[in-house]
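Protein chains in written order, with the UniProt record's numbering: chain A, 1 to 329; chain B, 1 to 303.
Input: a single structure, listed below in structure tokens.
Below you can see the structure in the form of structure tokens.
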């Protein structure tokens, strides 16, 4: 940073003032600029996010809250205020709570094994391996696929009569499982899709975090006689805490919004229904069903807001749990 | 990453030979690779590649062969006819969709990585009033389901005249809470405060510190964020479906949907279409994947 103060007198003190000041006036302007830089630039750097956030997230969120307090048909020009009655109806709506149960069920049986598997794989990849570039690319490859493609491909793999999964299962005496028929079957099929999609991604995130842990810590632990498995749980996992918190929160948010896989898994005209008895209908599917199939914009707005609150509460709870578990170590 | 591999290599270097033998033994036991390591990784990779392989195989089959048990696991001979069906489908505009998706995903990726690393640096390493509250807003923003704002967002686009224009799917995602939070987490782990203090003492301003000190150290995370953003943008389906309804100007996934009424019946054509939408990404991913790994090692060395 070079400032030619004499060439820009307009910004500096006047000649008289300059003579009256202590003999180093350039320092004053420079330090003022530095102070402005230190105080101002953080706001400048975070500003782009907040502009985009306000225009394209906060405003729509508030507008949806307004919609949720009204009786509003999709496409209608006018609507009437109904207060909070949409929320009261939602509270007594069995189909809604069924979709909440499905969403949480699939979330739990996909996220927990997935993150443990990712930690395990990252620990394996975090070694001097031969061909490690290829190994990593292979592990992370599933993230290239969209949820639409996953739904279509696994729909074939889990097909009742022609699917590869059922073909393989018949060798161990299990015949013709209808993977869409029951909660247990459809939840495990969907959890498989989610796990397949995201395990590699989480592995890469953990791996990046593991690389920043200084090697000397392991060496001094070895000196104290700590075994590798102890070092993994006592050093690697606690040191990864910020990264683990990050993956848990991201998985919570993504998991509770689950939509693409179940929607394409239950393909057909009533794809938002999530099976004949709504056995795998998620909250987002229920939201879109109310919005587009039943044209109840206000009720859908209420569902959207409750979904938002559920995600918020679950994320905070998970954050507190993960932080606690790790600091005990 | 490099810290690990270089120090692993250093274990065998002469200057470390004087260390107690049992340290080296225990330390190398921690990082040793056995055939079991390779076997486990091999199984994981087969499982992770197989559905992609299955999709490509499906793209080479005749539609009748798809409905057979066991399903075909070796390439058939119908790839070209399936592909020509996909590309000649006039209502799908697959070529235009591919071009649009490349433009959209590239713009969004550059912007997200730049603005996220800038904001992540500010949150991790700079002091300013209201920082904690702002960070809470960022965390909160990640919990806002996309589906919530769909209708109001569409109304905004109509008002701006951005309907069916690429700006509608680029501008709302120029930067997101996910990227900022990820860069913030990584920066607080990987950039030492002393390095920033030293740069300040040397007379560097905040921008200079970001550009010359922080950004190089953030490269591993930036690579991961960049590749992830590219994939996510390419694979985004719901919002383009609402904002880009004109079949003449689709993204590649909208093209797939427009493949026609045969979408669910002609499953060979569906597989070919999904392959067309996935293979370019797979190629980009392999190219960028190498960069990621190089970037991670280089960045860690500099930090």
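Where is the CB? At the ideal position from N, CA and C, for every residue including glycine.
Asked: Answer yes if the stretch 290 to 309 of chain A comes into contact with the stretch 59 to 71 of chain A, meaning at least three C-beta pairs across the two stretches below 8 Å, and no otherwise.; Found: yes
Asked: My output table needs one value for residue 188 of chain A: the three-state DSSP class, helix, strand or coil.; Found: helix
Asked: Using a Cβ-Cβ cut-off of 8 Å, state whether residue 199 of chain B counts as contacting chain A.; Found: no
Asked: For residue 70 of chain A, which of helix, strand or coil comes out of DSSP?; Found: strand
Asked: Whose Cβ in chain B lies nearer than 8 Å to the Cβ of residue 242 of chain A?; Found: 185, 188, 189
Asked: Determine the extent of the alpha helix (DSSP H) in which residue 184 of chain B is found, giving its start and end residues.; Found: 177 to 190
Asked: Answer yes or no: does any C-beta atom of chain A fall closer than 8 Å to that of residue 147 of chain B?; Found: yes
Asked: DSSP beta-bridge partners for residue 81 of chain A?; Found: A/70
Asked: Can you list, in chain order, the stretches of the alpha helix (DSSP H) that have 4 or more residues and sit fully within the stretch 67 to 122 of chain B?; Found: 79 to 88
Asked: Below 6 Å CB to CB, which residues in the same chain sit around residue 234 of chain B once its five sequence neighbours on both sides are set aside?; Found: 101, 105, 281
Asked: Mapping DSSP to helix, strand and coil, what is residue 165 of chain B?; Found: coil
Asked: List, in order along the chain, the chain E residues whose C-beta lies closer than 7 Å to that of residue 204 of chain A?; Found: Here chain E cannot be found, since the structure's protein chains are A and B.
Asked: Using the beta-carbon count (16 or more within 10 Å), is residue 313 of chain A buried or exposed?; Found: exposed
Asked: State the Cα-Cα distance for the pair residue 316 of chain A and residue 241 of chain A, rounded to the nearest angstrom.; Found: 15 Å
Asked: Compute the Euclidean distance between the alpha carbons of residue 283 of chain A and residue 195 of chain B, then round it to the nearest angstrom.; Found: 47 Å
Asked: Please name the residue or residues paired with residue 130 of chain A in a DSSP beta bridge.; Found: Residue 130 of chain A pairs with nothing; no bridge assigned.
Asked: On the DSSP bridge assignment, give the partners of residue 296 of chain A in chain order.; Found: A/73
Asked: Can you tell me whether residue 276 of chain A is buried or exposed? The criterion is at least 16 other CB atoms within 10 Å of its CB, across all chains shown.; Found: exposed
Asked: Could you please tell me which residues of the stretch 66 to 78 of chain B, in chain order, have their CB closer than 9 Å to any CB of chain A?; Found: 66, 67, 68, 69, 70, 71, 73
Asked: Please list, in chain order, the residues of the stretch 120 to 141 of chain B that have any C-beta partner in chain A closer than 8 Å.; Found: 121, 122, 123, 126, 127, 128, 131, 134, 137, 138, 139, 140, 141
Asked: At the 8 Å Cβ level, is residue 129 of chain A part of the contact set with chain B, yes or no?; Found: yes
Asked: Are at least three pairs of beta-carbons, each pair with one atom in the stretch 243 to 252 of chain B and one in the stretch 109 to 125 of chain A, less than 8 Å apart?; Found: no
Asked: With a cut-off of 8 Å, do at least 3 Cβ pairs link the stretch 51 to 66 of chain B to the stretch 142 to 158 of chain A?; Found: yes
Asked: Using a Cβ-Cβ cut-off of 7 Å (strictly less than) and excluding sequence neighbours within five positions of residue 119 of chain A, which residues of its own chain qualify?; Found: 206
Asked: What separation, rounded to the nearest whole angstrom, lies between the Cα atoms of residue 271 of chain B and residue 158 of chain A?; Found: 15 Å
Asked: On a Cα-Cα basis, can you pick out the residue from A/210, A/166, A/170 that is closest to residue 244 of chain A?; Found: A/210
Asked: Using only alpha-carbon positions, find the residue among B/240, B/276, B/257, B/213 that is nearest to residue 121 of chain B.; Found: B/213
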